[in-house]
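Numbering (the UniProt record's numbering), first residue to last: 1 to 129.
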């Protein structure tokens with residue numbers, strides 16, 4: 001018959017990306033990154049999880065509506081509130097102090113997670129021929 005496993009009482013739940021990434025289902029959106037921002041771990045075409053209910057803070061990666069299109073930017077609050085272009089790390093748009101005002105919303109939401117397809121970056125250094 002044998003001895004019972006000491007780990008028998010320790011059972012982990014399965015990993016659920018829904019439970020991990022979606023904290024507020026009614027305020028969560030999925031978007032595709034149009035640019036690469038490797039310094040933030042985001043590759044081009046990465047899946048971005050965006051939370052509209054989360055309050056952005058200094059340094060948050062945000063999706064903002066600029067000139068009619070959604071842009072991936074970094075919010076900087078000091079010395080003056082602005083959105084930074086992730087490719088150049090230069091100010092893209094200066095913000096008023098009421099940048100979170102619902103009627104004048106520029107910021108769509110805060111990027112909380114990114115999911116990258118790493119298979120497209122595979123490199124076989126010893127290919128079989």
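Where a beta carbon is used, it is the ideal one built from N, C-alpha and C, also for glycine.
Among the candidates the options, whose CA atom is the shortest distance from the CA of residue i?
| i | options | result |
| --- | --- | --- |
| residue 51 | 10, 96, 27 and 65 | 27 |
| residue 34 | 82, 77 and 64 | 64 |
| residue 56 | 118, 119, 66 and 112 | 112 |
| residue 88 | 4, 29 and 39 | 39 |
Indicate whether residue i and residue j have their beta-carbon atoms separated by less than 8 Å.
| i | j | result |
| --- | --- | --- |
| residue 114 | residue 41 | yes |
| residue 106 | residue 60 | no |
| residue 116 | residue 46 | yes |
| residue 86 | residue 74 | yes |
| residue 43 | residue 70 | no |
| residue 24 | residue 53 | yes |
| residue 96 | residue 76 | no |
| residue 49 | residue 21 | yes |
By a C-beta neighbour count over all protein chains shown, 10 Å radius and 16 as the cutoff for buried, is residue i buried or exposed?
| i | result |
| --- | --- |
| residue 79 | exposed |
| residue 17 | exposed |
Report the rounded CA-to-CA distance for residue i versus residue j, giving the unit in angstroms.
| i | j | result |
| --- | --- | --- |
| residue 14 | residue 108 | 32 Å |
| residue 2 | residue 12 | 24 Å |
| residue 66 | residue 81 | 15 Å |
| residue 72 | residue 9 | 45 Å |
| residue 6 | residue 19 | 29 Å |
| residue 29 | residue 119 | 24 Å |
| residue 83 | residue 4 | 59 Å |
Checklist entry - Can you give, in chain order, each stretch of the beta strand (DSSP E) that sits fully within the UniProt domain "Peptidase S24/S26A/S26B/S26C" (1–71) and has at least 3 residues? => result Listed in chain order, they are 28–32, 47–51 and 61–66.
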